[in-house]
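Start counting the sequence shown at 3; every next residue gets the next number (the working numbering). Only one structure is covered here, and it is reproduced in the block below.
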Amino acid sequence: MNKRIAFLGAGSLAESIISGIIKSELIARKNIYVTNKSNMARLEYMQERYQVQCSTDKNELAKEADIIVLAMKPNDATDSIQSIKTYLNNSQLIISVIAGLSTEKMERAIGIDIPVMRVMPNTSALIGHSATAISPGKYATSEHVQETDQLFQTVGLTKIVAEKDMHTVTAISGSGPAFIYYLVEAIEKAAVEAGMDLETASELLAQTVIGAGKMLQESGKKPGVLRENITSPGGTTEAGIEVLKRHEFQEMMISCIHEARHRSIELGNSK
Ligand SMILES: NC(=O)C1=CN([C@@H]2O[C@H](COP(=O)(O)OP(=O)(O)OC[C@H]3O[C@@H](n4cnc5c(N)ncnc54)[C@H](OP(=O)(O)O)[C@@H]3O)[C@@H](O)[C@H]2O)C=CC1
Ligand SMILES: O=C(O)[C@@H]1CCC=N1
3 MNKRIAFLGA GSLAESIISG IIKSELIARK NIYVTNKSNM ARLEYMQERY
53 QVQCSTDKNE LAKEADIIVL AMKPNDATDS IQSIKTYLNN SQLIISVIAG
103 LSTEKMERAI GIDIPVMRVM PNTSALIGHS ATAISPGKYA TSEHVQETDQ
153 LFQTVGLTKI VAEKDMHTVT AISGSGPAFI YYLVEAIEKA AVEAGMDLET
203 ASELLAQTVI GAGKMLQESG KKPGVLRENI TSPGGTTEAG IEVLKRHEFQ
253 EMMISCIHEA RHRSIELGNS K
């Protein structure tokens, strides 16, 4: 892709995406620009590690780039958009990975008929395994959707979704990996309590999560059926699931997703 892309924000998510784009060679390093708020050490790290172009001149990057990725925290988004908006024009494409922030709010804040894409990846982008949802704003064409899709395919699976589903996506696949890690942390604790060494337990668990994920993707079976296939009557799985039911595990996870979704809505409404 012969485009200049500028990342406004050099945090963990920006790094994951940059790493994917570089590995895929979709955009040359000389055309990848990165800036942040003030952390010079972080920019030096990005320059050294990925040989991308780091700059402290946000306005210049906003003016010169073909694609601008907004990758700052939701609280910094409004100020950032306000400070760069006079440098933007509608031949550019704005891609935001900011949780909660609607395309409509971004379009309004920028104040011109500019193509905006709302994207929700996750940190597995770092190793090319993100699950990324993409929603176009009202000035984005099918070419913009295609371009964004191509960019995020460099870091994993992509899905185009209706923007009304973006808060849900943010909860299930944006935050989702954290919920799975939390579950793994708990299982590791139990294994260690039972006297097992952490390293072996961790390796077995990581492969268990990968295997279960691949079964979900490849077996063509619903999660409930896959679970039942493991649950022998009177066996170990049944014994464990009984405890999960007693502690209302499903209700708890449903509340967890609703709460994360609700927080995404709140973040979108703030500032
Ligand atoms: N982490 C995740 O799993 C996911 C995060 N997201 C979204 O991605 C965004 C970034 O998250 P994450 O990478 O974790 O956050 P980080 O805190 O790691 O990074 C935020 C970055 O934004 C920079 N920044 C702040 N203000 C500005 C500004 N005005 N102009 C340019 N850069 C600025 C910060 O610079 P400095 O360090 O100098 O302050 C920092 O580099 C968030 O909006 C989040 O909702 C989406 C999906 C998943
Ligand atoms: O916790 C957050 O707000 C971000 C959005 C999705 C994942 N992390």
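We put the CB at the ideal spot given by N, CA and C, even for glycine.
Subject >> Chain-order list of residues whose beta-carbon lies under 6 Å from that of residue 156 (same chain, five-residue window excluded) >> reply: Taking the first residue of the sequence shown as position 1, residue 156 is located at position 154. Correct list, in chain order: 22, 23, 26 and 28.
**OP:** Helix, strand or coil for residue 141, going by three-state DSSP, please let me know.
**Re:** Residue numbering aside, residue 141 sits at position 139 when the sequence shown is read from its first letter. Residue 141: coil per DSSP, three-state reduction.
**OP:** Answer with buried or exposed for residue 94, where buried requires no fewer than 16 other C-beta atoms within 10 angstroms of its C-beta.
**Re:** For the purposes of this step, residue 94 is taken as residue 92 along the sequence shown, with counting starting at 1. Residue 94 should be labelled buried.
Original post:
Out of 136, 14, 192 and 238, which has the shortest C-alpha to C-alpha gap to residue 150?
Top reply: Within the sequence shown, residue 150 is the residue found at index 148, counting from 1. It is 136 whose Cα lies nearest to the Cα of residue 150.
**OP:** May I ask whether a heavy atom of ligand 1 can be found less than 6 Å away from the beta carbon of residue 78?
**Re:** Sequence index remark: in the sequence shown, residue 78 carries index 76 (1-based). Yes, Cβ of residue 78 sits closer than 6 Å to a heavy atom of ligand 1.
**OP:** Out of 61, 33 and 200, state which residue places its alpha-carbon closest to the alpha-carbon of residue 49.
**Re:** Walking along the sequence shown from the start, residue 49 turns up at place 47. Taking only the C-alpha atoms, the option nearest residue 49 is 33.
**OP:** Would you check whether ligand 2 has a heavy atom nearer than 6 Å to the C-beta of residue 134?
**Re:** If you number the sequence shown from 1, residue 134 lands on position 132. Not under cutoff, so the answer is no.
Original post:
Of the choices 80, 257, 132 and 183, whose alpha-carbon is the least far from that of residue 158?
Top reply: As a first step, residue 158 is located in the sequence shown; it is residue number 156 there, counting from the start. Checked all of 80, 257, 132 and 183; the closest Cα to residue 158 is 132.
Original post:
Distance, Cα to Cα, residue 144 vs residue 18?
Top reply: What you label residue 144 is simply residue 142 of the sequence shown in a count that begins at 1. What you label residue 18 is simply residue 16 of the sequence shown in a count that begins at 1. Each residue's Cα considered, the two are about 25 Å apart.
Original post:
Any contact of the segment 94–109 with the segment 65–74, i.e. 3+ C-beta pairs under 8 Å?
Top reply: yes
Original post:
Just the Cα atoms here: how many angstroms apart are residue 64 and residue 182?
Top reply: For the purposes of this step, residue 64 is identified with residue 62 of the sequence shown, where counting begins at 1. For the purposes of this step, residue 182 is identified with residue 180 of the sequence shown, where counting begins at 1. Approximately 36 Å, taken between the alpha carbons.
Original post:
Regarding residue 91 and ligand 1, is the C-beta to nearest heavy atom distance less than 6 Å?
Top reply: Within the sequence shown, the letter at position 89 stands for residue 91. Outside the cutoff, so no.
Original post:
Which residues have their C-beta within less than 5 Å of a heavy atom of ligand 3, listed in chain order?
Top reply: Annotation note on ligand 3: not contained in the displayed structure, which lists ligand 1 and ligand 2 as its ligands.
Subject >> Whole-angstrom distance between residue 125 and residue 35, CA atom to CA atom >> reply: Position 33 of the sequence shown, counted from the first residue, corresponds to residue 35. Position 123 of the sequence shown, counted from the first residue, corresponds to residue 125. Distance between the alpha carbons of residue 35 and residue 125: 20 Å.
Subject >> Neighbour-count burial assignment, residue 15, 16 or more Cβ in a 10 Å radius >> reply: In the sequence shown, counting from the first residue as 1, residue 15 sits at position 13. So residue 15 counts as buried.
Original post:
Would you call residue 251 buried or exposed, if buried means 16 or more other Cβ atoms sit within 10 Å of its Cβ?
Top reply: Locating residue 251 in the sequence shown gives position 249, where the first residue counts as 1. Residue 251 should be labelled exposed.
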